[in-house]
Structures are given as structure tokens and as C-alpha cells.
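Letter by letter, the sequence shown follows residues 3 to 567 of the numbering used here.
Quick reminder that beta carbons are idealized off the backbone N, C-alpha and C, glycines included.
Structure first, commentary second.
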Amino acid sequence: MGVLNVTPDSFSDGGKFDGLERALQHARQMRADGADIIDVGGESTRPGAPEVSLQDELARVIPIVAAIAADDSINLPVSVDTSKPEVMRQAVEAGAVLVNDVRALQAPGALECCAELGVAVCLMHMQGEPRTMQLDPYYDDVIDSIAFYIETQEKLMSRRYFGTDGIRGRVGTEPMTAASVLKLGWAAGLNSRMLGPMPTPAVAYLTQTFRAAAGIVISASHNPYYDNGLKFFSGDGSKLPDEIELEIEAMMDEPLTTVDSAELGRASRVNDAAGRYIEFCKSTYPSGSRLGGLKMVVDAANGAAYDIARRVFEELGADVIAVGNEPDGLNINKDCGATAPDNLRAHVLLERADVGVALDGDGDRLIMVDHRGEIVDGDEILYILARSRQASGELNGGVVGTLMSNLGLEHGLADLGIDFVRAKVGDRYVLEQLNAKGWSLGGESSGHIICLDRTTTGDAIVAALQILAYMRGSGESLSVLKSGMTRYPQVLLNVPLSKKVDVSKNADVMRAVDKAESELGEAGRVLLRPSGTEPVVRVMVEGRVANDVEKICNEVANAVGTALG
């Protein structure tokens, strides 16, 4: 962050940049020096500094925020360092994207202002005010004092979320770190085993093998690093059902209690966690077989499997070109891995590899690339695994996909005489359907592949090994194995609504859907899927002819927008 003080009395640069041209020149220099964001402040917090009036702060800050935001030569996000709601409001209107408040939204109206603006917020804490902070600059317990203050502010927020998606972080709690989780566990009297950075499916496996009561993963999954959150596993290595996670979330809003000091939990480190998981993954590959002579690219998304994935395939004999294997804490899933398979595709073609494997950041999604550079998604992977299991007599029942699984998967499995059902979107719902039916194979287009005959949850490395085993056993390339399934063109449009409504109860919308389904016939389908977090309906249409699918999807989306928008 480049700090731009536009005040006459800041710590070291007071008066140097309080004019528009000097401020712009300094912002350009900070950009050249490597700043990623420019923070503009118009009130000094040096000890003894006097209070600045609203009009003075507006006059200092707003013209400079607007000028920096509009300057193409700077081209950086702008934050505003202020505690005054009106300065926040006008700065955001002028182009600021973040509010940086040393008083942690304590000023009257600041909470409500940020909630209304929907802007990202950085909270800080100081003792007293600049003119009084040196009078008694001591804490009995600095951490306890700050925690109590932030907890008090959080209650005022009434479950509003700032700078997060409302799920992965909460004002009033520490960032999602191992230390945070361990402290909570110790306070509850739980003994903990620390694994270090590990793929999510590794934690599921080790939870089961250690016969632990539960497993907890701190992970951003397939998202950017700042979306860290928690994933829970039960003692048998499977994800917790929704109702249990909701109970945990509700408990987080209750006052925390601790056991007596003699009953506090203890922690121990598992030094061979990676080795245990590597051996487990290798055990799911046919005994006595190896991957010798196979040249493959492995993209680990700069994530938790950055070293483990390479080692698994290499120890089985493959010639591995590893990419996405240099995590720095910030580059997880960034233009690589299962969510950006073009990176893998480019390396497969460059290296003339036989196959490519891409994982997401926590190692539970798999996307592949064949030797021709064609991307093989989760639906095609499911199809190949179903063929493999059917050929070996291991297919237990049918296959579970989701509402978004390509119609080509359903038809391809039907041609093989394999049953197929759809679950709600989400790997936990696929798992629920598998357990309900007693089947073992399911997954999502995104690459969550669940092989319950091998493991308890989605595992990209294990799923990739099953595909590679079928390739080696059949002598066929990945390109040939996927050729039995024809992907249907699919178009997905988001239609914003003025409010959340039940689209299935609108006669005009349902007439448009009926008309579309009639035009598509058995070779297509229409899906209206309301978002669970915003007033948006996702319209998905599939069919054999791309131009027809696009036209019909637009017609249905227009009908939804006209009737409900």
C-alpha cells in the first residue's frame, strides 16, 4: 500500500503532498515503486494532532481521490483513510474501493454507511484520540482489550459482512489461520493433531485413519487466497451435512466458554502426514502396475498439493513436468490449476506430453487435458470412470451428477446401459445421493469426482490415478477414451431480478420454458436455477445445435427478465 497523506501535519511528510499536483506526482511515484493500492488520508493521527472538521477533510481528500481514480497513468485501486461517514460516502462516489478506518467504524453512522456502500473495509484500533492517546498509553492486556472492542462492534453489525462473501469471514473473529482454530479447540478441551499444509482430501483420509472425532481444513478451495474459510469432516472422513454446519455457525454467535485450565486441550504435530497420504494415493492404483514411459504435466494450482501430487505420480514411474508448484501464499489458483485449464493445455502442447492433470488449490477438483490439447472436464472424467468400472465389473449401481451436468453425459451413460441421476449442485449433495442409493461413483462438471470405492470424498489425485490406470490397462489415449461421450452445446445466462421470487410459479415464464423444451425435444433441456445468495436466475439451455441453443436461451432469459425483472 502506498500511503498518501494530504495533510499539513502528518508524521514525516506533513505538507509535502497536500496540493493536487504534488499528490498526483507522489501517487505516480509510489506506483512506479511497486505500490498495489493508494491510500489517501486527510486527517493526521500523530500524537497531539487536533481534530479536523468535516469540510476541511472533504476539501483535502475528495479532489485527490477523484483525480487518482481517473488517472490512467496510475491505474491503481484507491482507498480512503477516514472515520467520517460523509467522507467515506463521497470518496467512494469519487472512485475509492476501500474504507480504511483507524477507529474501526466507531463514529456514529459509519457502520450503516459502509453497509449501504457495500465497500471493502479495513479496520484498525487506537487507544483514545490523537490529542489524548499519550496521556495513558498502557494496556492491561492489549489483545483482550482489542478483542472486546471488536466483539462489541460486531454485535452492532447485526450479521453484516464486510470485505467477504458473507460466508468465509466475519468481523469480530481473527483471520482464518491455524492458530485461530487451535486456540478454539484447546479452549474447548480438544486435543489436536497439526498436519501442516495438506490437500483437503488428505485431511479427510487422515481424520479417518487417526480415528479422530473430526477434521478441519482451512482452505480457499478453488478461490483466491483471501477467501480462506473452513471445511469440516466427520470422523469417517466425509463432509458434514448442512444441518450440522448450520449448528456450528449458530454456536459461533454464542458467547465462547472455556474448560478449566487443567482440562485444556493439547496439540501434537504429525511429521509424516504427507508421506502417509502419498502412500494412500498410490494404494488406489492397481497393485504391481506402474506409470513408466508416461509423460505428463501436473498443474497443482500453487496450492496444497504443490509437492504431493508430483511425488505421487513420480513414485509410480511417470515422467512429470510440474507447473503451478511454487506457492507464495498469494498465487493459489491464480491463472492456473483446475479453474484455469488453459495453462495446463499450453504446457501439454509445449512439452508434447501424453496427458495433463490440473488440480485446484486444495486438491479436490480434477480437470485433465489429452495429448491433443483438448480439455477433459468433470463430466467426461465421470463418463470414462463409469466405462472403466463397467468393463472391470466394479461399477456399483449407477452414476450421480448434478443439475448442471452436461446432457451428453446422461445420454452417453444411457448408451452404456448405466443409470444416471442428478443431485443439487455441490459435492455434498452428490455424496448424499450416492449414500442414499448405495452407489459409489459421482461428481460435478467442475471436477469434483467422488469414488467411494476408493476414498470418502472428492480427491483429484485419486481420481486422476483411476483414469491413468484405465489408459494403461486399455492401451488407449485419453482422447479415445472420452470419444464415446458427445458434449452438447450449453449456454448459461444470468438474469437479474428486482427481488427473489419463485420463477416456477410465473405463468409467462413457464410458457416460455415449455415452448423451449418443445423446440429442443429429447435432445435438449432447460434449467432455471435461482441463485442462493442474490436476486438472480441462472438460465441454462442445452441442445445439439449451438446456434439453436443460444437463440432459445436468449428467448427464455428475455421472458424471465420481462416477467420478473
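Problem - Unbroken stretches of the beta strand (DSSP E), 3 residues or longer, contained in the segment 301-341 - result: 321-325
Exercise for the section: May I ask you to check if the CB of P203 is nearer than 7 Å to at least one heavy atom of the ligand COA? Expected result: For the ligand COA, the structure offers nothing, since it holds no ligand at all.
Exercise for the section: On a CA-only basis, which of L522, A68, R489 and A471 is nearest A25? Give me that one, please. Expected result: A68
Handout entry: Three CB pairs or more closer than 8 Å across the segment 343-355 and the segment 427-434
Key = no
Problem - Counterpart residues of I463 in DSSP-defined beta bridges - result: None; I463 has no bridge partner.
Handout entry: Beta-carbon spacing of L284, E251 below 8 Å
Key = The sequence shown places Lys at residue 284, rather than the Leu named in the question. The answer is no: Cβ separation not under 8 Å.
Problem - Touching by the beta-carbon criterion (3+ pairs, under 8 Å), the segment 431-440 and the segment 324-338 - result: no
Practice task
May I have the straight-line CA-CA distance separating A264 from H349, to the nearest angstrom?
Solution key: 56 Å
Exercise for the section: Evaluate the contact criterion for the segment 499-510 versus the segment 445-460: three or more CB pairs, one atom per stretch, below 8 Å. Expected result: Segments in contact, no.
Practice task
Within its chain, find whatever has a CB closer than 8 Å to the CB of P243; leave out the 5 residues flanking it on each side and keep chain order.
Solution key: R430 and E434
Handout entry: Spatial distance of K517 from L566 (CA atoms)
Key = 18 Å
Exercise for the section: Taking the CB atoms as reference points, tell me whether I383 and I463 lie closer together than 8 Å. Expected result: Cβ distance not < 8 Å, so I383 and I463 don't count as in contact.
Handout entry: CA-to-CA distance, N230 to E131, given in whole angstroms
Key = In a straight line, the C-alpha of E131 is about 33 Å away from that of N230.
Exercise for the section: Report yes if the CB atom of G267 is closer than 8 Å to the CB atom of L332, and no otherwise. Expected result: No, Cβ-Cβ distance for G267 and L332 is not below 8 Å.
Handout entry: Cβ separation of A379 and G400, assumed to be a contact under 8 Å, to the nearest whole Å
Key = Looking at the sequence itself, residue 379 is Asp, so the reference to Ala does not match. The C-beta separation of D379 from G400 comes to about 20 Å, leaving the pair out of contact by the 8 Å criterion.
Exercise for the section: Under 8 Å Cβ to Cβ from I76, same chain only, skipping five residues before and after it: list those, please. Expected result: L26, A29, R30, R33, I40 and I70
Exercise for the section: On a CA-only basis, which of S390, L361, A393 and R354 is nearest R374? Give me that one, please. Expected result: R354
Problem - Neighbourhood of G168 by C-beta, 7 Å cutoff - its chain only, sequence neighbours within 5 removed - result: Low confidence applies to G168: its pLDDT is 29, below 50, so where it sits in the model is not reliable enough to give any reading.
Practice task
List the endpoints of the continuous beta strand (DSSP E) containing D364.
Solution key: Unbroken run through D364: none, as it is neither H nor E.
Handout entry: Beta-bridge pairing of K233 - partner residues as DSSP gives them
Key = V219
Practice task
Would you mind stating whether V123 and V101 have Cβ atoms separated by less than 8 Å?
Solution key: Taking a C-beta distance under 8 Å as the contact criterion, V123 and V101 qualify as a contact pair.
Handout entry: Q31 in three-state terms, based on DSSP
Key = helix
Practice task
Leaving out five residues on either side along the sequence, give the residues of the same chain with a beta carbon under 8 Å from the beta carbon of R546.
Solution key: Closer than 8 Å at the Cβ level, and outside the excluded window around R546, lie Y490, P491, A525 and G526.
Handout entry: Cutoff 7 Å; reference D238; Cβ partners in own chain excluding five residues on either side
Key = These residues qualify, in order along the chain: Q210 and T458.
Practice task
Could you tell me which residues DSSP puts in a beta bridge with L495?
Solution key: V541
Practice task
Locate the beta strand (DSSP E) running through A425, then write down its first and last residues.
Solution key: F422 to A425
Handout entry: Per-residue DSSP class, three states only, for V261
Key = coil
Exercise for the section: Verify whether the separation of the beta carbon atoms of L494 and R540 is less than 8 Å. Expected result: yes
Handout entry: R474 versus L208: straight-line alpha-carbon distance, rounded
Key = 29 Å
Practice task
Mind checking who N102 pairs with in its DSSP beta bridge?
Solution key: D83 and C124
Practice task
Select from L418, A360 and S442 the residue whose C-alpha is nearest the C-alpha of E396.
Solution key: S442
Exercise for the section: Let me know the secondary structure DSSP gives M196 once reduced to three states. Expected result: Strand.
Problem - Whole-angstrom distance between L56 and C115, CA atom to CA atom - result: 16 Å
Exercise for the section: Helix, strand or coil for K297, going by three-state DSSP, please let me know. Expected result: strand
Problem - Cα-Cα separation, N273 to S291 - result: 29 Å
Exercise for the section: Select from S533, V558 and V538 the residue whose C-alpha is nearest the C-alpha of Y544. Expected result: Checking the sequence, you will find Glu at residue 544 rather than Tyr. Checking every option, the nearest Cα to that of E544 belongs to V558.
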